[in-house]
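Taking it in order: structure first as structure tokens, then the write-up.
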Amino acid sequence: MIRLVNVNMEFRGKQILKDINLTIEQGEIMVIIGPSGSGKSTLLRLIIGLLKPTAGEIWVNNREITGLTEDELGRIRLEMGMVFQYSALFDSMSVGENVAFGLRQHTDMSEAEILRTIRRKLRMVGLRGQENAMPSELSGGMKKRVSLARAIAINPHIVLYDEPTAGLDPIMANTIDRMIVSTRRMIDATSVVVTHNMSSAFRIADRIAMIHNGSIIEAGTPDSFKQSENPIVAKFIRGATVLPERKGRARV
1 MIRLVNVNME
11 FRGKQILKDI
21 NLTIEQGEIM
31 VIIGPSGSGK
41 STLLRLIIGL
51 LKPTAGEIWV
61 NNREITGLTE
71 DELGRIRLEM
81 GMVFQYSALF
91 DSMSVGENVA
101 FGLRQHTDMS
111 EAEILRTIRR
121 KLRMVGLRGQ
131 ENAMPSELSG
141 GMKKRVSLAR
151 AIAINPHIVL
161 YDEPTAGLDP
171 IMANTIDRMI
181 VSTRRMIDAT
191 SVVVTHNMSS
201 AFRIADRIAM
211 IHNGSIIEAG
221 TPDSFKQSEN
231 PIVAKFIRGA
241 TVLPERKGRA
251 RV
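Under UniProt numbering, the first residue of the sequence shown is numbered 1, with each subsequent residue one higher.
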């Protein structure tokens with residue numbers, strides 16, 4: 001479980017996140033949406049401990065992480081996997097070596113066990129037999145899948161996704177969405193997905209939270225978002241124009 005309590009984040013005098021309160025249950029897929037610059041990716045970096053909040057508490061698997069040392073955070077991060085927006089593969093390493101990177105760094109698995117794990121994780125993401133390929137030989141969608149295989153190689157309790165479908169065509173985006181859902185099922189991971197792709201959000205989310213100007217303005221199920229009367233939410237998810245009404249209420 002992940003819990004953020006009254007989290008605030010400032011950077012160079014500018015408030016990035018304000019009074020964030022959010023609980024993400026074990027095994028849940030929580031999708032974070034919002035316009036560019038709203039603080040979505042900052043939220044991921046706070047959860048993984050790459051940033052420390054200006055104020056507030058962040059609990060990961062019943063541990064408050066904001067006061068931990070770097071060594072203690074390192075142990076917490078072993079329970080997490082991260083799928084980066086641009087895949088962040090090591091260009092000089094093969095697909096198999098990329099997937100094995102965390103296993104070699106943080107486990108005492110034998111090479112035979114590592115090889116079996118590489119093959120199993122690549123099968124899970126639909127890349128059977130690709131362990132010897134180089135990143136330069138892969139399409140954008142294949143790179144995303146290698147990044148996912150690497151993220152889940154150590155069977156993390158939490159998987160964080162930063163814009164996992166960015167730059168992909170609709171067919172490949174749908175494939176990645178299915179893999180996010182199946183990964184949750186196969187390793188029982190809590191998933192936090194940052195995206196601006198509402199089609200993806202509605203396909204995969206158990207719940208959605210929208211950040212606007214650094215604050216969560218709405219959180220709920222996909223169905224509740226589709227029926228939202230908040231004009232900012234409605235404009236974002238429907239691409240509609242928000243117009244003022246005479247009585248001071250906005251209409252879509």
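Where a beta carbon is used, it is the ideal one built from N, C-alpha and C, also for glycine.
C-beta atoms of Ser144 and Leu127 nearer than 8 Å: Here the sequence assigns Lys to residue 144, which means Ser is not the residue at that position. No, Cβ-Cβ distance for Lys144 and Leu127 is not below 8 Å.
Element boundaries [beta strand (DSSP E), containing His106]: Segment 95-106 is the alpha helix (DSSP H) holding His106; no beta strand (DSSP E) there.
Backbone secondary structure at Arg185 - three-state DSSP: Arg185 falls in the helix class under three-state DSSP.
Top-ranked residue by Cα proximity to Met134, from Arg123, Ala100, Met124, Met93: The shortest C-alpha separation from Met134 is found at Met93.
Nearest residue (CA-CA) to Arg77, options Glu131, Pro156, Glu64, Lys18: Arg77 has its Cα closest to that of Pro156, out of Glu131, Pro156, Glu64, Lys18.
Three-state secondary structure assigned by DSSP to Leu160: In the structure shown, Leu160 sits in a strand (DSSP, three-state: E or B).
Residues near Asp206 by beta carbon distance below 6 Å, same chain, minus five either side: For Asp206, where only same-chain residues beyond five positions count, the Cβ hits under 6 Å are Glu28, Ile29.
Simplified DSSP state of Thr23, which is helix, strand or coil: In this structure, Thr23 counts as strand in the three-state DSSP scheme.
Identity of the residue in Ile24, Arg12, Asn8 nearest Ile158 by Cα: Restricting attention to Ile24, Arg12, Asn8, the CA atom closest to the CA of Ile158 is found in Ile24.
Inter-residue CB distance, His106 and Ile32 (contact presumed, cutoff 8 Å): Not really, about 27 Å apart at Cβ, beyond 8 Å.
Alpha-carbon spacing of Asn6 relative to Asn61, whole angstroms: The alpha-carbon atoms of Asn6 and Asn61 are separated by roughly 18 Å.
Pick from Leu4, Asn8, Asn21, Ser38 that is closest to Ile232, judged by C-alpha positions: Of the candidates Leu4, Asn8, Asn21, Ser38, the one whose C-alpha sits nearest the C-alpha of Ile232 is Ser38.
Residue interval of the beta strand (DSSP E) (run including Val125): Segment: none, Val125 is in no beta strand (DSSP E) and carries neither H nor E.
Where Ala151 falls: helix, strand or coil (DSSP): Here Ala151 sits in helix by DSSP.
Helix, strand or coil at Lys14 [DSSP, three-state]: Lys14 carries a strand assignment under DSSP once its states are collapsed to helix, strand and coil.
Distance CB(Ala189)-CB(Thr195) smaller than 8 Å: No.
Whole-angstrom C-beta distance between Leu89 and Val181, which should lie under 8 Å: The pair is not a contact, with the Cβ atoms about 23 Å apart (cut-off 8 Å).
Inside the stretch 36-94 only - alpha helix (DSSP H) runs reaching at least 4 residues: Fully contained in the stretch 36-94 are the following alpha helix (DSSP H) runs of length 4 or more, in chain order: 40-47, 70-77.
Terminal residues of the alpha helix (DSSP H) in which Ala133 lies: Premise fails: Ala133 is in no alpha helix (DSSP H) and is neither H nor E.
Residue(s) in a DSSP beta bridge with Asn8: Answer is Ala55, bridged to Asn8.
Proximity to Val83 [Cα-Cα], best of Leu73, Leu160, Ile176: Answer by Cα proximity: Leu160.
Candidates Ile216, Gly214, Asn213, Ala209, of which the one nearest Phe225 by Cα: Residue Ala209 is the option with its Cα nearest to Phe225.
Burial state of Gly96 (16 or more Cβ within 10 Å): Buried.
Inter-residue CB distance, Lys121 and Ile152 (contact presumed, cutoff 8 Å): Confirmed, about 6 Å.
Same chain, Cβ closer than 7 Å to Ile221, neighbours up to 5 away in sequence not counted: Note on residue identity: the sequence assigns Thr, not Ile, to residue 221. Close CB contacts of Thr221 within its chain, under the 7 Å cut and outside five residues either way in sequence, are with Arg207 (chain order).
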